[in-house]
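Be aware that the sequence shown starts at 1, since it is given in UniProt numbering, and climbs by one per residue.
Idealized CB from N, CA, C, for every residue including glycine.
What follows is a set of notes on a single structure, which appears directly below.
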Amino acid sequence: MVLNIDADEVSEMAEKNECVIIDVREQFEYESGHIENSVPIPMYDIFNNISLVEKYRDKKIVLVCSSGHRSYYTGKFLEENGITNVYNLYNGLYGWEIEDKPLV
Numbered sequence: 001m002v003l004n005i006d007a008d009e010v011s012e013m014a015e016k017n018e019c020v021i022i023d024v025r026e027q028f029e030y031e032s033g034h035i036e037n038s039v040p041i042p043m044y045d046i047f048n049n050i051s052l053v054e055k056y057r058d059k060k061i062v063l064v065c066s067s068g069h070r071s072y073y074t075g076k077f078l079e080e081n082g083i084t085n086v087y088n089l090y091n092g093l094y095g096w097e098i099e100d101k102p103l104v
């Protein structure tokens with residue numbers, strides 16, 4: 001089950017270096033603003049080549065997108081393919097910004 005976590009939880013995990021944040025939006029969306037140190041891997045790239053994410057198996061994987069929908073479905077796909085340490089940023093980057101978290 002993909003767990004939804006809020007911006008504060010993601011921020012705390014990132015500060016402790018407990019996770020990798022994967023931004024599943026398209027590249028042009030990522031370039032318009034993203035969470036610092038997040039890794040851009042668009043959702044359909046993951047669907048077509050899961051090995052792009054498999055190298056992060058040893059860490060908690062936090063998936064983000066604009067609203068939380070694409071990242072949630074990407075998380076479901078990863079779980080169905082054996083990657084179970086997956087979290088979804090609840091409300092996506094909209095929720096991140098509502099909590100006054102920075103984008104770069």
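Who are the near neighbours of residue i in its chain, counting only those whose CB is closer than 7 angstroms to its CB and skipping five residues on each side?
i, result
"residue 8", "99"
"residue 86", "2, 61, 63, 75, 78 and 79"
"residue 43", "24, 70 and 74"
"residue 94", "66 and 67"
Take the Cβ of residue i as the centre, count every other Cβ of all protein chains shown within 10 Å, and call the residue buried at 16 or more, exposed below.
i, result
"residue 92", "buried"
"residue 88", "buried"
Hey, could you find the ends of the beta strand (DSSP E) residue i is sitting in?
i, result
"residue 60", "60-64"
"residue 5", "3-5"
"residue 21", "19-23"
"residue 139", "The question about residue 139 has no answer here: the residues shown for the chain are numbered 1 through 104."
Tell me which residues share the same chain as residue i and place their Cβ nearer than 8 angstroms to its Cβ, disregarding the 5 neighbours each side in the sequence.
i, result
"residue 27", "40 and 42"
"residue 83", "50, 53, 54, 57 and 61"
Please work out which residues of its chain come closer than 6 angstroms, Cβ to Cβ, to residue i, disregarding the five sequence neighbours upstream and downstream, and give them in chain order.
i, result
"residue 122", "There is simply no residue 122 to check, as the chain begins at 1 and stops at 104 in what is shown."
"residue 38", "21 and 23"
"residue 10", "62 and 89"
For the alpha helix (DSSP H) that contains residue i, what are its first and last residues?
i, result
"residue 48", "43-48"
"residue 92", "92-98"
"residue 76", "69-80"
"residue 51", "51-54"
What does residue i pair with, by DSSP beta-bridge criteria?
i, result
"residue 40", "23"
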